[in-house]
Amino acid sequence: MARRWFALPPGMRLPLSNGDTCQLLFPGHPGSAAGPDVLDAVLRFPWNDVPCSGAIEFHVRASDWYMHQHHSDARYTSVILHVVLVCDHPSPARDLGGRAIPMCSLNDFAPPRKTYLSATWPCQQVMPQLDEQERSCILKQAGLLRFE
Numbered sequence: 000m001a002r003r004w005f006a007l008p009p010g011m012r013l014p015l016s017n018g019d020t021c022q023l024l025f026p027g028h029p030g031s032a033a034g035p036d037v038l039d040a041v042l043r044f045p046w047n048d049v050p051c052s053g054a055i056e057f058h059v060r061a062s063d064w065y066m067h068q069h070h071s072d073a074r075y076t077s078v079i080l081h082v083v084l085v086c087d088h089p090s091p092a093r094d095l096g097g098r099a100i101p102m103c104s105l106n107d108f109a110p111p112r113k114t115y116l117s118a119t120w121p122c123q124q125v126m127p128q129l130d131e132q133e134r135s136c137i138l139k140q141a142g143l144l145r146f147e
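When the letters of the sequence shown are read in order and numbered with numbering that gives the first Met the number 0, they come out as residues 0 to 147.
So this is what it looks like as structure tokens:
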């Protein structure tokens, strides 16, 4: 999902689950393991002429927002867009303060050019330099962190 998100061209209009669209001005940059998936993205929503900067959170299913307890986690109050593949929850996700977060399904529009397949991520530069034991240790730790 992240590769597809970062391959979206600036200026693209993204369909929202409520029938509106928002305009992608800047996709942001990858977040850390603890917190939103993308930080400092810039979007323009139809209800606000001023560009909005904030975080983006990815999930396979819209209901994963609640399954992962983001609605009760202060780290997710900066999320301005919930990006999903499957829109299985009819109402928008809400943050800790009860604010509704607009939702966009990547399945609602065609993927952009195949350029996202060639994107290089920071870990791709480091991993080849590590031996098998170091790679295994890092991947095991990352897997454990994912479920905390």
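Don't be surprised by glycine CBs; every beta carbon is placed ideally from N, CA and C.
Please read all numbers here as calculations on a predicted model, not as lab measurements.
Assigned secondary structure, MET0 (DSSP; H/G/I helix, E/B strand, else coil):
When secondary structure is reduced to three states using DSSP, MET0 falls in the coil class, being assigned neither helix nor strand.
DSSP on PRO127, reduced to helix/strand/coil?
Residue state, collapsed to three classes: helix.
Residue(s) in a DSSP beta bridge with GLN53
In the sequence as displayed, the identity of residue 53 is Gly instead of Gln. Note: GLY53 sits in a beta bridge opposite ALA40.
ALA141, DSSP secondary structure in three states
The answer is helix: DSSP assigns ALA141 an H, G or I state.
How about CYS136 and LEU13: are their beta carbons less than 8 Å apart?
Annotated as distal: CYS136 and LEU13, with beta-carbon spacing of 8 Å or more.
Three or more C-beta pairs under 8 Å: does that hold for the region 89-108 against the region 125-133?
The answer is no - the region 125-133 does not touch the region 89-108, with fewer than three Cβ pairs under 8 Å.
What residue range does the beta strand (DSSP E) around MET102 cover?
Here the beta strand (DSSP E) through MET102 covers 102-104.
Going by C-alpha distance, which of THR76, MET0, LEU138 and LEU144 is nearest ARG60?
Checked all of THR76, MET0, LEU138 and LEU144; the closest Cα to ARG60 is MET0.
On the criterion of 16 or more Cβ atoms from any shown chain inside 10 Å, does PHE25 qualify as buried, or is it exposed?
Classification for PHE25: exposed.
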